[in-house]
Amino acid sequence: MNRNMKDLGKELLDFIDKSPTAFHASQNIADILTKNGCTELDEIEPWDLKPGKAYFVRRNSSSLIAFRLGTAKPVETGFRIAGAHTDSPLLKLKENAENISAGCVRVTTEIYGGPLVYTWLDRNLGIAGRVMVRTKNGYENRLVNIDRPVAIIPSLAIHMNREANKGFEFNPQNHLQAVLTAKADKKNVLKSLVAKELKEKVENIGQTDLFVYDLQKGTFGGDDDEFISSGRLDNLQMCHSIMKAFLSAKKPKSTIVAAFYDNEEIGSRTLMGADSAFTRTVLERIVALTSKGADDRFVAFSKSFLVSADGAHTQHPNFPEKHDPAYAPKMNCGPTIKFSSSFRYATTAASAAFFESVCDEAKVPWQKMANRSDVPSGSTIGPMSSASLGIKAVDVGNPMWAMHSIRETAGTEDHYFMTAALSLFFTK
Ligand code: ZN
Numbered sequence: 296m297n298r299n300m301k302d303l304g305k306e307l308l309d310f311i312d313k314s315p316t317a318f319h320a321s322q323n324i325a326d327i328l329t330k331n332g333c334t335e336l337d338e339i340e341p342w343d344l345k346p347g348k349a350y351f352v353r354r355n356s357s358s359l360i361a362f363r364l365g366t367a368k369p370v371e372t373g374f375r376i377a378g379a380h381t382d383s384p385l386l387k388l389k390e391n392a393e394n395i396s397a398g399c400v401r402v403t404t405e406i407y408g409g410p411l412v413y414t415w416l417d418r419n420l421g422i423a424g425r426v427m428v429r430t431k432n433g434y435e436n437r438l439v440n441i442d443r444p445v446a447i448i449p450s451l452a453i454h455m456n457r458e459a460n461k462g463f464e465f466n467p468q469n470h471l472q473a474v475l476t477a478k479a480d481k482k483n484v485l486k487s488l489v490a491k492e493l494k495e496k497v498e499n500i501g502q503t504d505l506f507v508y509d510l511q512k513g514t515f516g517g518d519d520d521e522f523i524s525s526g527r528l529d530n531l532q533m534c535h536s537i538m539k540a541f542l543s544a545k546k547p548k549s550t551i552v553a554a555f556y557d558n559e560e561i562g563s564r565t566l567m568g569a570d571s572a573f574t575r576t577v578l579e580r581i582v583a584l585t586s587k588g589a590d591d592r593f594v595a596f597s598k599s600f601l602v603s604a605d606g607a608h609t610q611h612p613n614f615p616e617k618h619d620p621a622y623a624p625k626m627n628c629g630p631t632i633k634f635s636s637s638f639r640y641a642t643t644a645a646s647a648a649f650f651e652s653v654c655d656e657a658k659v660p661w662q663k664m665a666n667r668s669d670v671p672s673g674s675t676i677g678p679m680s681s682a683s684l685g686i687k688a689v690d691v692g693n694p695m696w697a698m699h700s701i702r703e704t705a706g707t708e709d710h711y712f713m714t715a716a717l718s719l720f721f722t723k
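Residue 296 is where the sequence shown starts when you use the numbering used here, and the numbers rise one by one after that.
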């Protein structure tokens, strides 16, 4: 394994370990951008943009759009945009639903997105998310990460369901409750845990967005460390790749944009999702502040290009028949360009050709993916962003196994390849 590939893989593992939720991913990206000289802007204030400088804006503490002004104005060259999502399928804790069963205190969870549910059982789970804390001056938005095994969702022993290995349908209300303690006389266990972690009084803990997450750290795997196994590779791997590429482009000609959206896993139609006005608002403000023509924003948008980056399914050695053999991406064979005749992916022949040329110039291999013709395709932020902004787009992603499992596996070399391709995309 090439040293640079391994180093970048280590950075990725560290980034994911520090990002148990979309809130933490967004905060980590903000911290790294700030450390690299980017300035945070607030949507409620007027912006003062300087040529060549980099900025970022956040919504709901879980989505973030960063941009660096190019040497040319957006009306001249358009925007170069790469987008990914900060959220992953998780189990969300219903804070008011603490209850007692079989002498244990447990909390009802709600399924967020589409996790492979059985992978969440028998894991040592931490609790993380966002909390509104009451202070003298009103509510304060705080992140919390209880990174010790405070919760568990035990599975039922095989002896009590001999048919378990033939498949079991979980009832989310009954079977996916997170057990917090066997001391049934304890009250307010969840809020007490949060209060202790934040060094606050329990009565000051207000509304929460809390999730359980797997505490097992990510790791390399395989004979030559060619695999990366971790939770949330979908889609923190692409977030990391885009962030690294964005930071590597110090003096781009076009204005470059790195977009990190929450809520892709539940359809993106939220205040801060990819199907909101967030991107349009940011791009229009940039055009308005860099040129004067009444229709400049339309010109800028039509000259722009979006790379939507999200996980792709690698052909599975134990289920090879699940792919169309002609469109079956392999691990560590480069970025996958995704095609769908019904445009569940934004890729057109023209946008694919452009991305292929970027990869070729970056000396990065690339491959193609389309679903079997008898299996419906998944989707991404690509089609909705492309359609609503009127910006040409391609859907790409790194191959992985077990998408939406609590632990997914991707290729170490692929992460390097994608980052190299996106770096060139931002400067080409
Ligand atoms: Zn995804």
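Built from N, CA and C at the ideal position, the CB exists for glycine as well.
Using a threshold of 9 Å, state whether the C-beta atoms of residue i and residue j are closer than that.
{"i": "LEU578", "j": "GLY378", "result": "no"}
{"i": "ASN391", "j": "VAL400", "result": "no"}
{"i": "LYS633", "j": "VAL670", "result": "no"}
{"i": "PRO694", "j": "GLY706", "result": "yes"}
{"i": "SER603", "j": "VAL659", "result": "no"}
{"i": "HIS535", "j": "GLU708", "result": "no"}
{"i": "PRO630", "j": "GLN662", "result": "yes"}
{"i": "ILE376", "j": "SER599", "result": "yes"}
{"i": "LEU308", "j": "LYS512", "result": "yes"}
{"i": "ILE311", "j": "SER525", "result": "yes"}
{"i": "CYS333", "j": "ARG353", "result": "no"}
{"i": "LEU411", "j": "SER672", "result": "no"}
{"i": "ALA553", "j": "ALA540", "result": "yes"}
{"i": "ASP326", "j": "TYR556", "result": "no"}
{"i": "PHE506", "j": "LEU385", "result": "yes"}
{"i": "MET538", "j": "ALA607", "result": "no"}
{"i": "PHE374", "j": "ILE676", "result": "no"}
{"i": "ILE500", "j": "VAL426", "result": "yes"}
{"i": "ALA589", "j": "VAL370", "result": "no"}
Of all the options the options, which has the alpha carbon lying nearest to the alpha carbon of residue i?
{"i": "LEU528", "options": "TRP696, SER563 and MET300", "result": "TRP696"}
{"i": "GLN468", "options": "LEU388, ILE537 and ASN483", "result": "LEU388"}
{"i": "THR714", "options": "ASN456, ALA544 and ASN666", "result": "ALA544"}
{"i": "THR245", "options": "TRP342, ASP326, LEU303 and ALA361", "result": "Beyond the ends of the chain as shown, which are 296 and 723, falls residue 245; an answer cannot be given."}
{"i": "LYS546", "options": "SER683, ASN613 and GLY347", "result": "GLY347"}
{"i": "ASP337", "options": "ASN432, SER396 and ILE360", "result": "ILE360"}
{"i": "ILE523", "options": "HIS611, ASP504, GLU703 and GLY677", "result": "GLU703"}
{"i": "PRO678", "options": "THR643, CYS628, ALA479 and GLY588", "result": "THR643"}
{"i": "GLN502", "options": "PHE593, ALA477, LEU438 and LEU531", "result": "LEU438"}
{"i": "PHE515", "options": "ALA595, MET533, HIS710 and ARG580", "result": "HIS710"}
{"i": "PHE593", "options": "THR609, GLN610 and ARG575", "result": "ARG575"}
{"i": "TYR508", "options": "THR414, ALA459 and ASN483", "result": "THR414"}
{"i": "GLU405", "options": "HIS380, ASP442 and ASN466", "result": "ASN466"}
{"i": "LYS482", "options": "GLU560, ASP442 and GLY398", "result": "GLY398"}
{"i": "MET296", "options": "ASP480, ASP518 and SER636", "result": "ASP518"}
{"i": "ASP591", "options": "THR372, LYS491 and LYS345", "result": "THR372"}
{"i": "ASP605", "options": "THR316, PHE720, HIS618 and ASN530", "result": "ASN530"}
Measure the beta-carbon distance from residue i to residue j and round it to whole angstroms, keeping in mind my assumption that it falls under 8 Å.
{"i": "ILE447", "j": "LEU488", "result": "Incorrect: roughly 14 Å between the Cβ atoms, too far for contact."}
{"i": "LEU420", "j": "ALA367", "result": "Actually they are not in contact, since the Cβ atoms of LEU420 and ALA367 sit about 49 Å apart, beyond 8 Å."}
{"i": "ASN436", "j": "HIS319", "result": "Actually they do not touch by this definition, with Cβ atoms about 13 Å apart."}
{"i": "THR550", "j": "ASN558", "result": "Going by Cβ atoms, the distance from THR550 to ASN558 rounds to 25 Å, so no, they are not a contact pair."}
{"i": "SER356", "j": "SER321", "result": "6 Å"}
{"i": "VAL402", "j": "LEU485", "result": "6 Å"}
{"i": "LEU493", "j": "VAL428", "result": "7 Å"}
{"i": "SER674", "j": "ARG639", "result": "4 Å"}
{"i": "PRO449", "j": "ASP417", "result": "6 Å"}
{"i": "LYS729", "j": "GLU656", "result": "The requested residue 729 does not occur in the structure, where the chain is confined to residues 296 to 723."}
{"i": "LEU471", "j": "ASN331", "result": "40 Å between Cβ atoms; not a contact."}
{"i": "ASN666", "j": "GLU521", "result": "Not a contact, Cβ separation roughly 26 Å."}
According to the neighbour-count rule (16 or more other Cβ atoms, all chains shown, within 10 Å of its Cβ), is residue i buried or exposed?
{"i": "ALA641", "result": "buried"}
{"i": "SER424", "result": "At residue 424 the sequence reads Gly, which differs from the Ser that was named. Per the 10 Å Cβ criterion, buried."}
{"i": "SER668", "result": "exposed"}
{"i": "THR430", "result": "exposed"}
{"i": "GLU498", "result": "exposed"}
{"i": "PHE463", "result": "exposed"}
{"i": "ALA716", "result": "buried"}
{"i": "ASN803", "result": "Residue numbering for the chain in the displayed model covers 296 to 723; residue 803 lies beyond these limits and cannot be assessed."}
{"i": "ALA645", "result": "exposed"}
{"i": "LEU303", "result": "buried"}
{"i": "ASN432", "result": "exposed"}
{"i": "ALA349", "result": "buried"}
{"i": "ASP504", "result": "buried"}
{"i": "HIS611", "result": "exposed"}
{"i": "LEU451", "result": "exposed"}
{"i": "SER396", "result": "exposed"}
{"i": "ASP480", "result": "exposed"}
For chain C, is any of its Cβ atoms less than 9 Å away from the one on residue i?
{"i": "SER718", "result": "Within the model displayed, chain C is absent; a lone protein chain is all it includes."}
Contained alpha helix (DSSP H) runs [length at least 4] in the region 566-644, N- to C-terminal order: 573-585 and 591-597
Can you give, in chain order, each stretch of the beta strand (DSSP E) that sits fully within the region 306-390 and has at least 3 residues? 334-336, 349-354, 358-363 and 374-380
Give, in chain order, every unbroken run of the beta strand (DSSP E) that is at least 3 residues long and sits entirely within the region 399-436. 399-407 and 420-430
Unbroken stretches of the alpha helix (DSSP H), 4 residues or longer, contained in the region 467-526: 467-470 and 484-493
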